[in-house]
Amino acid sequence: MLEMKKEVAELFQMKKMMLERKERKTVTMQTKKMKKTLMLKTMVSKSVLVLVVLLLFHFPWPMVNGFDEDAQQNEEDLEQATPEPPEPGWGPVHMAAVRQGPFWAAAELLFLSLFFWFRRRRAAMRQRAAAQRAEEEARRRKMEIEQRRRRFRRRYNDLKKMWRTMKTVKKKMARLF
Numbered sequence: 216m217l218e219m220k221k222e223v224a225e226l227f228q229m230k231k232m233m234l235e236r237k238e239r240k241t242v243t244m245q246t247k248k249m250k251k252t253l254m255l256k257t258m259v260s261k262s263v264l265v266l267v268v269l270l271l272f273h274f275p276w277p278m279v280n281g282f283d284e285d286a287q288q289n290e291e292d293l294e295q296a297t298p299e300p301p302e303p304g305w306g307p308v309h310m311a312a313v314r315q316g317p318f319w320a321a322a323e324l325l326f327l328s329l330f331f332w333f334r335r336r337r338a339a340m341r342q343r344a345a346a347q348r349a350e351e352e353a354r355r356r357k358m359e360i361e362q363r364r365r366r367f368r369r370r371y372n373d374l375k376k377m378w379r380t381m382k383t384v385k386k387k388m389a390r391l392f
């Protein structure tokens, strides 16, 4: 711990010295490197300490032979006392599946009802979208027809004006001659 404190003190002294020289980029880079090495050293020391503690607590202590023999005897007695379970046949598996039949039927009914409900909902959404598209198309066509009618009316009024001006020009020409 004292070494780490000394290293931290050295780190701050070096930082002050380098700031006085105005080498900020190198200062930040070197301080980052020093912090990383300091962090690594502390991490390594802590991890080694944890490993030592774990080894002390989980180290298998040697047993006395008499205790080992007693433990072996108890283990053998347990193995003989518990018979191996027989392999299950298809009968119990089939019965378990039959017992779960109503559950799967209910799950299937729920699944089908949800499927048809979502399908109907999606169809309704499609119908609304189609109706909106048709309405937009009708509005667009109506606007096009209105624009054509306005263009036709403008052209007709322009031709009317031209016709009037031609008549006035013709009358004025007739008066001149």
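In my numbering, the protein residues as written are 216 to 392.
Glycine included, each C-beta is placed from N, C-alpha and C at the ideal position.
Everything numeric in this text was worked out from a predicted model, so none of it was measured.
Asked: Roughly how many whole angstroms lie between the Cα atoms of L226 and T246?; Found: 7 Å
Asked: Run through the stretch 293–371 for me and flag every whole alpha helix (DSSP H) of 4 or more residues, listed as ranges in chain order.; Found: 305–314
Asked: If contact is defined by three or more beta carbon pairs under 8 Å, each pair taking one atom from either stretch, is the stretch 217–224 in contact with the stretch 245–261?; Found: yes
Asked: In angstroms with no decimal places, state the Cα-to-Cα distance between M310 and E291.; Found: 36 Å
Asked: Run through DSSP, which three-state label would F227 get?; Found: helix
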